[in-house]
Every structure is written in C-alpha cells, then in structure tokens.
Amino acid sequence: MRKIFLKYFIFLGLGLVTILGAEARWEPKQVNIPLDLYNHTKHFARFAQYAIACTMCHKTPDSFNREKVDHMGCHFCHNNDQSPAPAAARFKCITCHKDLFQVKPDNHQLNWIDRHQTVAKQDKDYCFKCHKTFFCTDCHQKRDFENQRMHTSNFRYYHSIVARSNPRTCSNCHQMNFCKDCHSDSD
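Just remember that our numbering sits 440 ahead of the position in the sequence shown, which is counted from 1.
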C-alpha cells in the first residue's frame, strides 16, 4: 500500500512541477488591435470623395495616439446604412477584430441569452449592427430537437403548469404582457 501511495505521490509531484514550469514560460497572447491594421492610404480617396475630415475619428488633439481614437468613426462607414460611403466591411468584423470577445457589448454578459428579448424587441437595429437578419432564426425557428434551445414543440399544452409554478422563469425571456397575446383577461 505504501509503495502505491509513494508512486502516486511522486507522479503527482512531477506533474505539478511540469505544470508550474510551463506557467513560468507562459507569454501573454498577442492581441490584435484594429488600429494596428488600419491603412490610412487605403481610406484617403474615400475621405476626399465624401468630405470626411480627420476629426471624424480624431476628435481630440491627443487622439493621434491610437488608444484615444473614437472607434465609432469606423462604424460610421462600415456599420451604418446611412453612411456616405459603402459599408464594405460590414459583418466582416474579424478583418480587424481577431478576438470578437473583445468587442462584445457590455450588455452581452451573464444571462444575456435569457434577457436578450427585451432589447431585441425595443431596438432590432441595435442587434443588426453586428448580427445579420437571419441570426434570430438560427435559434428561434430551429427544428433541431436534439439541441432544443427554447420550448419543446408541445410546450403550449403544459406551459400553464410551468408558468404557475414559477412565473419568474417566463419573464427571463418574455415581457409581463406576453400572455395577453393569446389570453384575454376573461380566460
């Protein structure tokens, strides 16, 4: 028994030393910053054509330092239906943003999938700045019964039991007046 314990202890110790040694050599992941890729020369012709001034992105005197640039200047042309220039890079965020988690909006945090309906119903255009129009249907009209993301197909027959047992679970996705779409006050 002692030999087994000793072998296990030595094996565990060697594994720990190996892991700690690997961590000592770890280097931070290189982050791709969009402005490192930005090509002013490529954009100058468009700027002149549409009379776009440098102050569109460089709003303050210190904004020639790339961290101080107003990134909404990029979205003015590349993510805006009313822009004077064609939105050539729309939905091609990965061209500049190699890690899309860096550009994830603040409201897309914990429980976002459960809470997104409220924002989506109020302002679909907000969603469509990043997501294509069929993004919603990927989940909401999905017929993949093995990986169901919403209610099962017969949920409407027993939803009243779930709703009465814990109404707060419904409000994770649905607004309080959702029931009235099908049920009147007299039901």
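Even for Gly, the Cβ is constructed at its ideal location relative to N, Cα and C. Computed from a predicted model, the values in this text were never measured in an experiment.
query                                                                            : result
For R596 and C619, the rounded distance between their alpha carbons              : 11 Å
Straight-line Cα distance separating D546 from R608                              : 24 Å
Boundaries (first-last residue) of the alpha helix (DSSP H) holding I601         : 595-605
Beta-carbon proximity list for F553, same chain, < 6 Å, skipping 5 on both sides : The amino acid at residue 553 is misidentified as Phe; the sequence shows Ile. None.
Alpha carbon of R604 to alpha carbon of K572, nearest angstrom                   : 36 Å
Where T481 sits in the DSSP three-state scheme                                   : helix
Neighbour-count burial assignment, I450, 16 or more Cβ in a 10 Å radius          : exposed
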